[in-house]
Amino acid sequence: MERTYDQVLSFATIYGGRILLAILTLVVGLWLIGWIVKVLSSMLTKRHVDRDVQPFLLSLVNGVLRVLLLLSIASTLGVQTTSFVAIVGAAGLAVGLALQGSLANFAGGVLILTFKPFRVGDLVVAQGFTGNVEAVRIFDTTLVTLDNKTIILPNGPLSTSAITNISTRGVIRVDQVYGVGSQNDIDATRASIVKVVAACPFALKDREHDVLIAKLTPNSREYDVRVWTKSENYWDTYYYMLENIARQFGKDGIEAPKPKMFITNED
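Counting along the sequence shown from 1, when you hit position 114 you're at 114 in full-length UniProt numbering, and nothing is skipped either side.
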C-alpha cells in the first residue's frame with residue numbers, strides 16, 4: 001500500500017498540474033469556441049450571407065477550432081503532437097488531391113453564394129450559355145436557356161470565369177445594326193427606324209434612343225440602333241425591333257443594298 005501510495009503521489013506531483021491545466025483549457029476553450037461561433041453567426045446574418053452557406057462555414061470553423069483545442073490539450077499533457085499533425089496533414093493532402101475537382105466546385109459554390117455575382121431569376125451569360133438562373137447550389141448552378149433547356153454548370157469554373165449579368169442594373173440597351181442601300185435617303189431611313197422605336201411597347205420613354213450611321217460602303221449604309229429597355233424585356237425588344245423595322249422599311253420603300261459592278265475600259 002505504501003508503494004502504491006508513493007506511486008500515486010509521484011504521478012499526482014508530476015501530472016496533477018498538467019491534468020488540472022488541461023481540464024481548465026478544455027472548459028475555457030469550449031466556451032471560447034462557442035462564443036466565437038456565436039459572434040461569427042451574428043456577423044454572417046448581418047452581412048446577409050446566404051443561409052445555405054452559413055451552417056457549413058460555422059461547422060467548419062467549429063471543427064477546426066476543436067481540433068486545435070485537442071492538440072493544445074494533448075501538448076499540455078506532454079503528448080508529442082508533431083507526428084499526429086504530420087499524419088493529419090498527409091491525410092488531408094491525399095483527400096484533397098482525390099477530390100480536387102469536387103473541392104474546386106465546392107469552393108466556387110461558397111464564393112458564389114457569399115458574394116452573389118448573380119441571383120436566382122437573373123438573366124446571365126456564362127460559360128457560353130445564356131439563360132435565367134434557376135438554382136444556385138453548393139456544387140453547381142442551373143440555368144434555363146431561352147429555348148427552355150436546362151444547363152447545369154459546375155461552380156468551380158463558373159466562379160473563375162467572366163459572367164455577364166444582364167439583370168443586375170434593371171435596365172439594358174439593345175444594340176442592333178441594320179444595313180440599307182445607299183440609294184435611300186438618310187433622313188427618310190432614320191425617320192422610318194425612329195417610328196418603330198417610338199411605337200415599341202418595351203422601349204423606355206425616359207431614355208434617349210440612338211439611330212446612328214455606323215458604316216458607309218459604295219452601295220450600302222449601316223445604322224446602329226440602340227434602344228433602352230428593362231432587363232426582363234431584352235429579348236422581347238430585340239425581336240420586336242427586327243420584325244417591325246423590316247415591316248416599316250417595306251411600307252416606306254427603304255430598299256436593301258444592291259450590288260454594284262464597276263467596269264473600267266483600259267483602252
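For each residue, glycine too, the CB sits at the ideal point set by N, CA and C.
| Query | Result |
| --- | --- |
| Residues bridged to residue 222 [DSSP beta-bridge criterion] | 179, 215 |
| Given residue 240 as reference, the closest of 220, 169, 199 once Cα atoms are compared | 199 |
| Boundaries of the beta strand (DSSP E) in which residue 126 is found, first to last residue | 123-126 |
| Three-state class that DSSP yields for residue 99 in the structure shown | Caution is warranted here: a pLDDT of 47 is assigned to residue 99, below 50, making its placement in the model unreliable, and the coordinate value is therefore given only provisionally. Of the three classes helix, strand and coil, the one that applies to residue 99 here is coil, per DSSP. |
| Any alpha helix (DSSP H) of 4 or more consecutive residues that is wholly inside the stretch 131-210 | 155-160, 186-199 |
| Residue range of the unbroken alpha helix (DSSP H) whose run includes residue 77 | Note, residue 77: premise wrong, no alpha helix (DSSP H); not H, not E. |
| Residues near residue 233 in its chain [Cβ-Cβ closer than 8 Å; skip 5 each side] | 202 |
| Whole-angstrom distance between residue 252 and residue 124, CA atom to CA atom | 37 Å |
| Helix, strand or coil at residue 38 [DSSP, three-state] | helix |
| Anticipated Cβ contact below 8 Å, residue 222 with residue 215, distance rounded | 4 Å |
| C-alpha distance - residue 105 paired with residue 138, whole-angstrom precision | 8 Å |
| Residue 45 versus residue 135: straight-line alpha-carbon distance, rounded | 21 Å |
| Residue 64 - DSSP class collapsed to helix/strand/coil | helix |
| Selected residue, minimal CA-CA separation from residue 110, among 166, 55, 169, 189 | 55 |
| Short Cβ contact (9 Å threshold) for residue 107 with residue 179 | no |
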